[in-house]
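With numbering that gives the first Met the number 0, the residue at position 339 of the sequence shown is 338, and numbering never jumps.
Glycine residues also receive a C-beta, built at the ideal position from the N, C-alpha and C atoms.
Keep in mind the model is a prediction, meaning the values are calculated, not measured.
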Amino acid sequence: MKLRLLLAFSIFSVALSAQSYDLVLKGGHVMDPKNNVNGVMDVAIAGGKIAQVAANIPASQAQKVVDVRGLYVTPGLVDMHVHVYASTGQRGAYSGDLSLYPDGYTFRSGVTTAVDLGSSGWRNFPDFKEKVIDRAKTRIFAMLNIVGHGMGGGAIEQNTQDMDPEATAKVAKQYPDVIVGIKTAHYQRPEWIAVDSAVAAGKLANLPVVIDFGRPWPERSYVKLVTEHLRPGDMSTHMYSTASMPLVDDNGKVLPALLEARKRGVKFDVGHGGGSFVWFLAVPAIKAGWTPDSISTDLHVGSMNAGMKDMPTTMSKILNLGVPLYDVIRMSTMNPAMQIHRPEYGHLSVGAGADVTVLRLDKGQFGFQDARAARFVGTQKLACELTVRDGRIVWDLNGRAGEDWEKFYSDPAHRRLPPRPGAPVAKPSGQ
């Protein structure tokens with residue numbers, strides 16, 4: 000009897016040791032631009048890290064295998080423009096009711112890392128961190144608004160007395176693991192004070208700056224912004240909005256000033272939002288080669304149910320305008336991670352945190368709206384099938400990781416009522 004038990008235990012131990020991976024995503028088309036990977040491979044995950052990316056990883060080596068044949072496997076998407084400071088109850092403000100709690104909108108869209116772009120400033124960032132960032136399952140970074148009270152709307156965002164580079168930089172340095180940049184947004188007057196104050200804070204904190212340009216003036220033009228005021232590594236968001244027009248000349252050529260700004264190192268971000276992406280600019284600009292450095296949603300209550308919808312829809316728009324899928328993935332993973340100086344994200348390198356997105360690419364006829372509800376008909380549309388965050392499946396649209404229900408419930412243990420969350424676990428008798 001003892002010999003049988005010993006033999007059974009030995010067989011179990013060998014089988015367990017052979018299962019060196021927690022999860023293998025099998026047979027998908029892997030696109031990992033940072034590592035120049037573009038082909039059918041398996042992705043193995045162990046201990047919350049990428050363990051191997053290779054062809055034909057044996058299924059016997061994994062505790063769980065998910066068949067992703069016919070799908071695209073990419074690094075977890077990085078959305079570098081969202082608004083998620085939703086906890087204040089402030090009406091009509093991105094530092095309040097116009098923001099969204101992140102987890103209900105990120106994972107289902109394939110986004111594992113997001114950057115709140117200036118919803119809070121140096122005065123209210125600690126509140127934002129405690130109430131949202133520290134509680135979210137999504138990895139959230141933040142850029143501080145140059146306005147101390149953040150994006151409170153109206154006069155709050157026009158208050159030049161609350162634009163304090165020194166105080167902004169001081170708070171940024173206090174939270175280096177979370178704060179990745181400085182932002183200014185929505186400034187309506189013709190002076191450069193908002194932009195220049197943000198850049199001054201960026202210099203003091205050694206961080207990049209993102210500009211939502213607001214209203215242009217003859218003396219405060221978009222061309223002057225990107226050629227004279229932004230530094231290499233600084234970013235212009237809403238690159239296909241009317242605030243940035245024109246982008247091409249009468250001959251359909253990209254304006255030389257924009258090309259020079261990009262050559263100098265200025266980055267350009269989509270930032271779709273509820274009012275900042277229009278077909279009449281995006282179509283000719285992309286046709287002329289003026290493509291994004293990064294694709295982002297500008298997620299908030301005014302964009303999620305309008306033309307923007309989500310990250311895969313925004314990516315699909317760029318795809319349908321002729322940008323290859325591999326480049327669209329690069330613009331949604333590696334590039335934004337590099338732009339926020341977080342090179343450890345946005346790729347599937349062995350040893351990296353296992354943030355993975357599995358996308359389905361549908362072919363047919365699909366309508367896409369811009370920020371003014373104008374419709375463009377495309378032939379390709381991305382959808383998120385599966386999202387993995389730190390090695391754990393957090394979104395599974397079609398239950399691909401699940402077991403067939405009849406087989407699952409053939410085990411009587413699975414028919415029992417599960418314990419209540421937080422209920423004490425009964426100790427075995429004798430303890």
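In whole angstroms, what is the alpha-carbon distance linking residue i and residue j?
i	j	result
R419	L203	51 Å
T378	V77	24 Å
K25	I44	11 Å
Q430	A412	Because the pLDDT of Q430 is 42, which lies under 50, any placement of that residue in the model is unreliable, and the number read from its coordinates should be weighed accordingly. Those two C-alpha atoms are separated by around 24 Å.
L224	Q60	54 Å
S275	K262	24 Å
T226	P207	16 Å
K130	F212	29 Å
A431	H80	Only positions 0 to 430 of the chain appear in the structure, and residue 431 is not among them; the question remains open.
R371	V277	7 Å
F124	R68	43 Å
H228	A256	13 Å
Q187	T159	11 Å
A287	G398	41 Å
I392	T332	18 Å
K48	G75	13 Å
D21	P245	51 Å
When we look at the beta-carbon of residue i and count the other beta-carbons within 10 Å, is it buried (16 or more) or exposed?
i	result
E218	exposed
H340	exposed
M144	The question names Met, but residue 144 in the sequence shown is Asn. It is buried - the Cβ of N144 has at least 16 other Cβ atoms within 10 Å.
V39	exposed
E434	This structure cannot settle anything about residue 434, because the visible part of the chain is limited to 0 through 430.
K172	exposed
W121	buried
M307	buried
K406	exposed
K362	exposed
Q416	At residue 416 the sequence reads Leu, which differs from the Gln that was named. Exposed, since its Cβ has fewer than 16 Cβ neighbours within 10 Å.
D410	exposed
W216	exposed
A154	exposed
D233	buried
F279	exposed
P189	exposed
R90	exposed
G88	exposed
R388	buried
L258	exposed
P231	exposed
Based on the DSSP output, what are the partners of residue i in its beta bridges?
i	result
S235	I210 and F267
D66	K25
N319	None; N319 has no bridge partner.
T73	T356
N37	M30
D115	V81 and A141
R374	Q368
Q379	K362
Cutting at 7 Å between CB atoms, please list the residues of its own chain near residue i, excluding the five before and the five after it.
i	result
R414	Y408
K322	Note that residue 322 is Val in the sequence shown here, rather than Lys. Contacts found: I285 and T290.
P342	A336
P283	V247 and G251
S19	A45 and Q60
V194	T183, I210, L224 and H228
D102	A135, K136 and T137
CB residue i to CB residue j, shorter than 8 Å?
i	j	result
I178	A135	no
K63	A400	yes
V357	L385	yes
M162	I192	yes
A54	D41	yes
Q338	D292	yes
M310	F267	no
L298	Y104	yes
T312	F367	yes
G152	A92	yes
G273	G301	yes
Y344	T137	no
D115	H82	yes
S118	S94	yes
Leaving out five residues before and five after residue i in sequence, what residues of the same chain have Cβ atoms less than 6 Å from its Cβ?
i	result
S315	K380 and L381
S196	I145, M162 and P164
S243	Y221
H28	V39 and Y71
R107	W394
N334	D292 and S293
H271	T296, D297, M307 and T313
I10	With a pLDDT of 38 at I10, under the threshold of 50, the modelled position of this residue cannot be trusted; read the value that follows with caution. Nothing listed; no residue qualifies.
V198	V208
A260	V225 and T226
Go through its chain and collect everything with a Cβ distance to residue i's Cβ below 8 Å, but skip five positions before and after it.
i	result
M30	V36, N37, Y71, V72, T73, L324, Y325 and I328
So, does the CB of residue i fall closer than 8 Å to a CB anywhere in chain D?
i	result
I392	No chain D appears in the structure shown, which is made up of a single protein chain.
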